[in-house]
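Asker: Below you will find the structure I want to go over with you.
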Amino acid sequence: MTLLQDIGALAEIYDVAIVGAGPAGMAAAVTARAQGLSVVVLDRGFAAGGQIYRGLGNSPLAGRRDLLGPDYWKGEALLDDFLGCGADALHQASVWYLDASRCLGVSQGGAARIIAPRHVILATGAMERPMPIPGWDLPGVMTAGAAQILLKTSALVASDAVLVGDGPLLWLLAAQYLAAGVPPKALITTTPRRRLAQVAGAIPGFLASPYAAKGLALLWRVRRQVRVLDGSGGVEIRQHAGRLQVRHHGGAEEIGADHVLLHQGVVPEVNLARAAGCPMVWQATSGCWAPQVDAWGNTGLTGIAVAGDGAGIRGAEAAAVAGRLAAREATRALGVITGAVRDAQSAADIRALRRLQRGRDFLDRLFAPSPSQRAGSPEAMACRCEEVTGATLRRAVAETRAAGPNQLKAYTRCGMGPCQGRLCGLTVGEVLAQHQGRSPAEVGYFRLRPPVFPLSLAEMASMPTLEEEEGRANRP
Numbered sequence: 001m002t003l004l005q006d007i008g009a010l011a012e013i014y015d016v017a018i019v020g021a022g023p024a025g026m027a028a029a030v031t032a033r034a035q036g037l038s039v040v041v042l043d044r045g046f047a048a049g050g051q052i053y054r055g056l057g058n059s060p061l062a063g064r065r066d067l068l069g070p071d072y073w074k075g076e077a078l079l080d081d082f083l084g085c086g087a088d089a090l091h092q093a094s095v096w097y098l099d100a101s102r103c104l105g106v107s108q109g110g111a112a113r114i115i116a117p118r119h120v121i122l123a124t125g126a127m128e129r130p131m132p133i134p135g136w137d138l139p140g141v142m143t144a145g146a147a148q149i150l151l152k153t154s155a156l157v158a159s160d161a162v163l164v165g166d167g168p169l170l171w172l173l174a175a176q177y178l179a180a181g182v183p184p185k186a187l188i189t190t191t192p193r194r195r196l197a198q199v200a201g202a203i204p205g206f207l208a209s210p211y212a213a214k215g216l217a218l219l220w221r222v223r224r225q226v227r228v229l230d231g232s233g234g235v236e237i238r239q240h241a242g243r244l245q246v247r248h249h250g251g252a253e254e255i256g257a258d259h260v261l262l263h264q265g266v267v268p269e270v271n272l273a274r275a276a277g278c279p280m281v282w283q284a285t286s287g288c289w290a291p292q293v294d295a296w297g298n299t300g301l302t303g304i305a306v307a308g309d310g311a312g313i314r315g316a317e318a319a320a321v322a323g324r325l326a327a328r329e330a331t332r333a334l335g336v337i338t339g340a341v342r343d344a345q346s347a348a349d350i351r352a353l354r355r356l357q358r359g360r361d362f363l364d365r366l367f368a369p370s371p372s373q374r375a376g377s378p379e380a381m382a383c384r385c386e387e388v389t390g391a392t393l394r395r396a397v398a399e400t401r402a403a404g405p406n407q408l409k410a411y412t413r414c415g416m417g418p419c420q421g422r423l424c425g426l427t428v429g430e431v432l433a434q435h436q437g438r439s440p441a442e443v444g445y446f447r448l449r450p451p452v453f454p455l456s457l458a459e460m461a462s463m464p465t466l467e468e469e470e471g472r473a474n475r476p
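Okay, so the sequence shown: first residue is 1 according to the UniProt record's numbering, each after it adds one.
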């Protein structure tokens, strides 16, 4: 890998541009380079690894490998392959523009530029689903993913913490805190108690999956050492005398804490794909939107693919497999190999992906938030950027009779802030759907336009003029 120091070091032309340096992005880069393609990887992080392997190359916990677990350290082989593959990499870079002709806008270090690769692979990964409960915006309250970032990059643990929500990541974090010698004060689950009976038909498939043994062992370990309060549907967080108070089960009890860590599952990060015009599909089981892709990651736009959790949540191992498949398809599309060669090279990966898919249906259905949880509480801040409460949102829906999220955006400013709807889009769609008696798929989503990340006037002014770009392209 060639680490580019600034945006001016980008080459004139790349065969493949990969957005994101998590498992899918790294695997795609390694595979594309092995086929002889020129590759650039554009990533917002300080180093490669994405969220799941964050800090892997310079971990402060290298002497405590038991703490983060074997799945984390399994990424070392992929990271080593990526660092040695010869791709260009630009870190701390925001990709804020992509269109159907594969023009890609990127900014870094106060400068911006448009590049036009021959093929684009979006490996933007996942983000945590918003969890708009009362008090989720108080100091000391953060997501489980944020707590994991502190643990992986700085070996910091939130003391006197209550974990709230559900999903594999929340239980994993509890186990990691136990291994660090800082057990959570309590874990309050929000999955309805009857949910397990409702998904019983998917249990046999889960037990035959690669996730069953380690997942059940993790649950047993946490339940044995942490106070677990199951099935709470009414969690609120208040601040009193400098401490957080977590009220659960409709006020049946309050637990004092210094930190509250929230998690309600993860969803694909789709803003860039959506702004580019990639067709989207509503995943009813997971309650989220994802790009519509084929087995190779191809979207409805020629030369633009999506790989990894950005196309649907399947985990780090499956993301790496999907990255390799997308890279081989890019190689075929660029005329370097035939479809038959692509298929032969990918046969083992396709079998691996089928194996890794087993059990996902059970996990998706078991931990899926209920419609009321997805809509959030009226007392909670629904849009944190523009400070719009759930009550204000519901009142606007009733009074304006907004037809969809875009009209509601004009009335309330939800989705107009720096996050561009990442933290409120799903909530807005769910509130509208429930009020209108329709599904979120029928209601739709915000119409996204670039820039999908904030872009300063200075960055815009730094962009080369058309004449300068043409001069660069014609340079001998």
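Glycine is no exception: its CB is placed at the ideal position from the N, C-alpha and C atoms. All of these numbers come straight from a predicted model, not from anything done at the bench.
1. If you measure from the CB of R129, is any heavy atom of the ligand NAP nearer than 7 Å?
2. What residue range is occupied by the uninterrupted alpha helix (DSSP H) comprising E430?
3. Report yes if the CB atom of T124 is closer than 8 Å to the CB atom of E253, and no otherwise.
4. For the alpha helix (DSSP H) that contains V30, what are its first and last residues?
5. Nearest-angstrom Cα distance between R475 and E12?
6. Return helix, strand or coil for S154, following the three-state DSSP convention.
7. Taking 8 Å as the cut-off, decide whether the C-beta atoms of E430 and P378 are in contact.
8. Is the distance from the Cβ of V120 to the Cβ of I304 below 8 Å?
9. Would you be able to state if there are at least three C-beta pairs under 8 Å between the region 71 to 91 and the region 430 to 441?
10. Mark G63 as exposed unless 16 or more other C-beta atoms lie within 10 angstroms of its C-beta, in which case mark it buried.
11. One question on the structure: do A212 and G315 come within less than 8 Å of each other, judged by their Cβ atoms?
12. Going by DSSP, name the residue or residues bridged to P268.
13. Using the C-alpha atoms, what's the distance from R129 back to K214?
14. How about the region 51 to 62 and the region 151 to 163: do they share at least three Cβ pairs that are nearer than 8 Å?
15. Just to confirm my understanding: we take T2, look at its own chain, exclude 5 residues before and 5 after, and list those with CB closer than 6 Å. What are they?
16. Thinking C-beta only, is E386 closer than 8 Å to M416?
17. Please go through the same chain and pick out, in chain order, the residues whose beta-carbon is closer than 7 Å to the beta-carbon of G250, but skip the five residues on each side of it.
18. Kindly indicate which three-state DSSP category Q245 falls into: helix, strand or coil?
19. Please look up how many angstroms separate the CB atoms of V388 and A275, rounded, as I've assumed it's under 8 Å.
20. For the alpha helix (DSSP H) that contains D364, what are its first and last residues?
21. Name the residue from L172, Q434, G165 whose alpha carbon lies nearest to the alpha carbon of Q148.
22. Under the rule that 16 or more other beta-carbon atoms within 10 Å means buried, what is P369, buried or exposed?
23. On the CB-based measure, 16 or more other CB atoms within 10 Å of its CB, does A144 come out buried or exposed?
24. Taking D88 as part of the beta strand (DSSP E), name the residues at either end of that continuous run.
25. Just mark P23 as buried or exposed, buried being the case when its beta carbon has 16 or more other beta carbons within 10 Å.
26. Among the candidates R195, H240, L122, whose CA atom is the shortest distance from the CA of residue 508?
27. Closer than 8 Å by C-beta to S439: which residues in its own chain qualify, once you throw out the five before and the five after it? Chain order, please.
28. By how many angstroms is the C-alpha of Q407 removed from the C-alpha of L219?
29. Could you pull out every residue in the same chain whose Cβ sits closer than 6 Å to the Cβ of S38, ignoring the five residues on either side in sequence?
30. Got a sec? Which residues, its chain only, sit under 6 Å from G312 by beta carbon, not counting five neighbours each side?
31. Hey, residue 494 and S159: beta-carbon distance below 8 Å or not?
32. Use the C-beta contact count for residue 496: other C-beta atoms within 10 angstroms, 16 or more gives buried, fewer gives exposed.
33. Can you tell me which residues form a DSSP beta bridge with V397?
Answerer: This is what the structure gives:
1. Questions concerning the ligand NAP fall outside what the structure shown contains, since it holds no ligand whatsoever.
2. Where E430 is concerned, the enclosing alpha helix (DSSP H) stretches over 425 to 436.
3. T124 places its beta carbon 8 Å or farther from that of E253.
4. Looking at the DSSP string, the run of the alpha helix (DSSP H) that includes V30 is 23 to 34.
5. With a pLDDT of 48 at R475, under the threshold of 50, the predicted position of this residue should be treated as unreliable, though the coordinate-derived value follows. Near 10 Å, if we compare the C-alpha coordinates of E12 and R475.
6. The three-state reading of DSSP puts S154 in helix, counting H, G and I together.
7. In this structure, the beta-carbon distance from E430 to P378 does not fall below 8 Å.
8. Result yes, Cβ atoms of V120 and I304 sit closer than 8 Å.
9. No contact exists between the region 430 to 441 and the region 71 to 91.
10. Around the beta carbon of G63, fewer than 16 other beta carbons sit within 10 angstroms, so the residue counts as exposed.
11. Their beta carbons are not under 8 Å apart, which means A212 does not touch G315 by this criterion.
12. According to DSSP, P268 bridges with A126.
13. Their Cα atoms are separated by approximately 24 Å.
14. In short, these stretches touch, since the Cβ pair count reaches three.
15. Around T2: D88.
16. Yes, Cβ-Cβ distance for M416 and E386 is below 8 Å.
17. Answer for G250: G234, listed in chain order.
18. Looking at Q245 - three-state DSSP - the assignment turns out to be strand.
19. Between V388 and A275, the beta carbon gap of about 22 Å keeps them out of contact (Cβ cut-off 8 Å).
20. Where D364 is concerned, the enclosing alpha helix (DSSP H) stretches over 360 to 366.
21. The residue with the shortest Cα to Cα distance from Q148 is L172.
22. Classification of P369: buried, given that the 10 Å Cβ count is 16 or more.
23. Its Cβ being crowded by 16 or more others within 10 Å, A144 is buried.
24. Counted as a single uninterrupted DSSP element, the beta strand (DSSP E) harbouring D88 occupies residues 88 to 90.
25. So P23 ends up on the buried side.
26. As displayed, the chain neither begins before 1 nor continues past 476, which places residue 508 out of reach and without an answer.
27. So the qualifying residues of the chain are W282, A284, A433.
28. Roughly 44 Å separates the two Cα atoms.
29. Beyond the five residues adjoining it in sequence on each side, S38 comes within less than 6 Å, by CB distance, of Y14, D15 in the same chain, given in chain order.
30. Within the same chain, and ignoring the five residues on either side of G312 in sequence, the residues whose Cβ sits closer than 6 Å to its Cβ are A290.
31. Given that the chain is displayed from residue 1 to residue 476, the structure contains no residue 494 and the question cannot be resolved.
32. This structure gives no information on residue 496, because the portion of the chain shown stretches from 1 to 476.
33. Within the DSSP secondary-structure output, V397 pairs in no beta bridge.
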